[in-house]
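The opening position of the sequence shown corresponds to residue 1 in the UniProt record's numbering, with each subsequent residue numbered one higher.
Beta carbons are placed, not taken as given, at the ideal position from N, Cα and C, and that holds for glycine.
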Amino acid sequence: MQGSTKIQIQDVVAPIDRRLYGSFIEQLGRAVYTGIYQPDHPTADSDGFRTDVIDAVKTLNVPLIRYPGGNFLSQYRWEDGIGPKSQRPVRLDLAWRELETNQFGLHEFMRWADKVNAVPNMAVNLGTRGIQAAADLVEYCNFPKGTYLSDLRRQNGAEHPFAIKTWCLGNEMDGPWEIGAKSAGEYAHLANETAKAMRRVDDTLELVACGSSSMDNPTFGNWEETVLDACYDNVDYLSLHRYYGYYNDDDPTELDNFLGKNHDLDDFIKGVVAMCDAVKARKRSTKTINLSFDEWNVWYHSNDADTQVTPWQVGPHLLEDIYNFEDALLIGSLLMTLLRNADRVKIACLAQLVNVIAPIMTDENGGVWRQSIFYPFMQVANYGQGVVLTDHSTSSTYNSREFTDVAYLDTVTTYDAATQTVTVFAENKHQTETLDFELNFGELMIDRLLDATQFYGYDVKADNRDGHMQLQPLPARTDTHHAHTKLQPLSWNVLRFKLRD
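The following block contains the structure:
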């Protein structure tokens, strides 16, 4: 099977916003307790943070982390998580039916984010709370000093403002599962008024309005239009959430369909962009609303186990999907889809980061291990820099149960002018055939091949609990204007080239 791509560095989709490689920590399951925070663990630092987890997150190179939720957010009192730990209340978390000790709160999160070299994407509760609590939180976090709340922050150990820039106005507020769920009109009014108040405190904020919690919800479409009609002038982004599952292990055609779900993601993004631009046109606005895809992942493995969890525990084993190799292949495709839409998707958060539907898993009494999905995310976050180039690839295609014309060769190219580096991410979705991959650099001249790796050879149902998965060298040859390699069946591949000046 043949496939090719042409590299044209002048043909740019968009600059890459590093926040596209964000992630998410929710006060849920073991994401925090025995995840990132475990004071009695041998690797814990003076703040109680597991340094083995910090090292793993830094390896992923996550630049932005959404916090504290998620469904947890919609009945959360941010004040519970500040001040002396001995005085913090234990609360019922109604979203996940856990006990929340509040031993990890705002200041702990900010210190942890700093240690992993990430900035916060903070969220405010618009389920059970609203305008005043949100404005108070901005004042506490971002106002320098001289008011009750800013001085309380200083009293609690943070002399300087946190200077948090990006804020989410609630979470999944049309979801019937959400505490304080609202109609589109109710949410639109509350979000707009909250945005106005928050910006009165700090007019540099970037604000994210909730889109519909799912494109499968009956509210989808009407929700986006109603919210943007009300909030357009006072928000900067609209959020999207999407999770993918594998639904029939007994059907041999299901793998082809699963690996084609990047088409669903692309259609979803383009549909929401069209909605945003329709409101822009109707309002005759010069402002463009971009997208924050602040929850995305594969999520289905833990569904049955979660129904057996005893409620009202601290840090229970919830949503602990164990990812397999086919999940890693889909994650690679979804990442490439986000990159191809980088002109409008400026923020994205893999949900989540540690233990809860996550690339990083911990043992309470042991170490850290990397899930299969860790590897494609790590490579894209570290090497997908600069600008995204327009796709000029060709290959054979296939049809599946849900999708037509799915390319066997899924690829995207980035170019970093600062380092004169071209990075090509490529996946062969064919289950049995090797793909001869030709890269044509046109008039550009290759100085050298910096690196070439492949992730392949594992059973699609294999996971990485035993730590056997690893990236392998990818044989490739180059001349001045071309490169050639063979992409193995069901493989994720990365090639990095240095161009001549």
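Is the separation between the beta-carbon of N262 and that of L330 shorter than 9 Å?
Locating residue 262 in the sequence shown gives position 262, where the first residue counts as 1. Locating residue 330 in the sequence shown gives position 330, where the first residue counts as 1. In this structure, L330 lies closer than 9 Å to N262 by Cβ.
Can you find at least 3 beta carbon pairs, one from the region 148-166 and one from the region 202-214, that sit closer than 8 Å?
The answer is yes - the region 202-214 touches the region 148-166, with three or more Cβ pairs under 8 Å.
So, for A209: in the same chain, excluding its five sequence neighbours on each side, which residues have a beta-carbon less than 6 Å away from its beta-carbon?
Sequence index remark: in the sequence shown, residue 209 carries index 209 (1-based). Excluding sequence positions up to five before and after A209, its CB lies within less than 6 Å of the CB of L169, A191, V227, C231, V235, L238, all in the same chain and listed in chain order.
Please report the residue range of the beta strand (DSSP E) in which P15 lies.
In the sequence shown, the residue the question calls residue 15 occupies position 15. Unbroken beta strand (DSSP E) run through P15: 12-15.
Where R77 sits in the DSSP three-state scheme:
Taking the sequence shown and counting its residues from 1, one reaches residue 77 at position 77. Assigned with DSSP and collapsed to three states, R77 falls in coil, not helix or strand.
Could you give the uninterrupted runs of the alpha helix (DSSP H) lying entirely in the region 462-486, keeping only those of 4 residues or more?
The region 462-486 contains no whole alpha helix (DSSP H) run of 4 or more residues.
Hey, is the region 20-32 in contact with the region 344-359, meaning 3+ C-beta pairs nearer than 8 Å?
In short, these stretches touch, since the Cβ pair count reaches three.
Using C-beta distances below 7 Å, list every residue in its chain close to W369, excluding the 5 sequence neighbours before and after it, in chain order.
Within the sequence shown, the letter at position 369 stands for residue 369. Only residues of its own chain outside the window of five on either side were considered, and among them M361, N464, R465, G467 have a CB closer than 7 Å to the CB of W369, listed in chain order.
Which word fits Q470, buried or exposed, when buried means at least 16 other C-beta atoms lie within 10 angstroms of its C-beta?
Working through the sequence shown from its first residue, we reach residue 470 at position 470. Counting the other CB atoms within 10 Å of its CB gives Q470 a total below 16, which places it among the exposed residues.
Tell me the start and end of each unbroken beta strand (DSSP E) in the region 323-407 that is at least 3 residues and wholly inside, in chain order.
With a minimum length of 3 residues, the continuous beta strand (DSSP E) runs that stay inside the region 323-407 are 345-350, 360-362, 368-370, 387-389, 393-395.
At what residues does the beta strand (DSSP E) containing R91 begin and finish?
As a position in the sequence shown, residue 91 is number 91, starting the count at 1. 91-93 is the span of the beta strand (DSSP E), which, as asked, contains R91.
Taking contact to mean 3 or more Cβ pairs, one atom from each stretch, closer than 8 Å, check whether the region 4-14 and the region 427-441 are in contact.
Yes, since at least three Cβ pairs between the region 4-14 and the region 427-441 fall closer than 8 Å, the two stretches touch.
Might you give, ordered along the chain, the residues of its own chain that have their beta carbon closer than 7 Å to the beta carbon of D136, omitting 5 neighbours on each side?
Locating residue 136 in the sequence shown gives position 136, where the first residue counts as 1. For D136, where only same-chain residues beyond five positions count, the Cβ hits under 7 Å are L149.
DSSP state of Q132 mapped onto helix, strand, coil:
Taking the first residue of the sequence shown as position 1, residue 132 is located at position 132. In the structure shown, Q132 sits in a helix (DSSP, three-state: H, G or I).
If we require 4 or more residues per run, which alpha helix (DSSP H) segments fall completely within the region 238-283?
Listed in chain order, they are 254-259, 262-283.
Starting from D451, trace the beta strand (DSSP E) both ways and give me its first and last residue.
In the sequence shown, the residue the question calls residue 451 occupies position 451. D451 -> beta strand (DSSP E) spans 446-455.
Straight-line gap, K287 to V272 (C-alpha atoms, nearest Å):
As a first step, residue 287 must be located in the sequence shown, where it is residue number 287. As a first step, residue 272 must be located in the sequence shown, where it is residue number 272. The straight-line gap separating the alpha-carbon atoms of K287 and V272 is approximately 16 Å.
Does DSSP put F72 in a helix, in a strand, or in coil?
Within the sequence shown, numbered from 1, the residue matching residue 72 stands at position 72. Per DSSP, reduced to three states, the secondary structure at F72 is helical.
Which same chain residues, not among the five before or five after N290, have their C-beta less than 6 Å away from its C-beta?
The sequence position of residue 290 within the sequence shown is 290, counting from 1. Taken in chain order, the residues that qualify are Y237, R344, K346.
Could you give the residue range of the alpha helix (DSSP H) that holds V57?
For the purposes of this step, residue 57 is taken as the residue at position 57 of the sequence shown. 51-60 is the extent of the alpha helix (DSSP H) around V57.
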